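K.L.:
In this note's numbering, the protein residues as written are 12 to 281.
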């Protein structure tokens, strides 16, 4: 299993073996890099080199010597994954918290980010109501009460779609894991800063995409995100999709991603 070293953390990642443009994707909260396996399959016969990685506290990536971190630290982690592969530039993106990371990568290293694939995500900080909700939720999640009802209620909201077969593997992982280990990552989520005011600094072509039934990354939030970016165009809406439409509707998401890659290639050629 390949790992990249960032600060004191070993970042687990998976890479493709094709020679085309690299698409680096970061997963959503409480998930891991395998959420992009369906999208990887859809794009398997293209020349896009897909690289996916586990964020701190998720999948096979731990926290290192200090569990405190923010999304700017995760942006540095993403850059170290590219470094470990000898990749200078890439299209970067992600779902939900992965999109928070991708935006910060573009702000930290604009010369290395040739495009942005922003899937069911936003650029704002938590509101006070969000903070209160998350604090209560994670106090319960990391506590000692029965976890199964909470996990079974979360999966349809976090993943979306209408097929319970897409939810069950994640429910099983959550129930089998160390439920308290997610707390530092939750603190990062709750305490994230707002980058809406900096979106104008990003000039790379961008895709802003959301599932039709995503109640977290709402149409209004995504519209604000797209409007703040120079080269985003209209928001792409995935019919029937929810917050995790990259997992449940990979064909629609894959088509939009291929369009973004084509736009980035045209810009590079120009």
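Cβ atoms here follow ideal geometry from the backbone N, Cα and C, with glycine treated the same way.
Bear in mind the structure is a predicted one, so any value in this text is a computation, not a measurement.
How big is the Cα-Cα spacing for residue 274 and residue 135?
P.N.:
As a working note, residue 274 is residue 263 in the chain shown. As a working note, residue 135 is residue 124 in the chain shown. Going from the Cα of residue 274 to the Cα of residue 135 covers about 26 Å.
K.L.:
Leaving out five residues before and five after residue 103 in sequence, what residues of the same chain have Cβ atoms less than 6 Å from its Cβ?
P.N.:
Start at 1 with the first residue of the chain shown, and residue 103 comes out as number 92. Around residue 103: 35, 113, 116 and 124.
K.L.:
Quick one: which unbroken beta strand (DSSP E) runs of 3-plus residues sit fully inside the segment 189 to 276? Chain order, please.
P.N.:
Listed in chain order, the complete beta strand (DSSP E) runs (minimum 3 residues) inside the segment 189 to 276 are 217 to 222 and 247 to 249.
K.L.:
Considering only DSSP beta bridges, list what residue 33 is partnered with.
P.N.:
In the chain shown, residue 33 corresponds to position 22, counting from 1. Residue 33 pairs with 60.
K.L.:
Put residue 17 into one of helix, strand or coil per three-state DSSP.
P.N.:
As a first step, residue 17 must be located in the chain shown, where it is residue number 6. Residue 17: strand per DSSP, three-state reduction.
K.L.:
Assuming contact is defined by CB atoms lying nearer than 8 Å, are residue 126 and residue 271 in contact in what I supplied?
P.N.:
Counting from one through the chain shown, the residue named residue 126 turns up at place 115. Counting from one through the chain shown, the residue named residue 271 turns up at place 260. It is a contact, given that the beta carbons lie within the stated cut-off.
K.L.:
Taking DSSP as the reference, what is the three-state secondary structure of residue 130?
P.N.:
One-based indexing of the chain shown puts residue 130 at position 119. Of the three classes helix, strand and coil, the one that applies to residue 130 here is strand, per DSSP.
K.L.:
When the Cα of residue 177 is compared with those of 48, 31 and 13, which residue comes out closest?
P.N.:
In the chain shown, residue 177 corresponds to position 166, counting from 1. Out of 48, 31 and 13, 48 has the C-alpha closest to the C-alpha of residue 177.
K.L.:
Go through its chain and collect everything with a Cβ distance to residue 8's Cβ below 8 Å, but skip five positions before and after it.
P.N.:
The structure shown does not extend to residue 8, since the chain is modelled only from 12 to 281, so the question has no answer here.
K.L.:
Can you check whether the C-beta of residue 138 is within less than 8 Å of a C-beta belonging to chain C?
P.N.:
Here chain C cannot be found, since the structure has a single protein chain.
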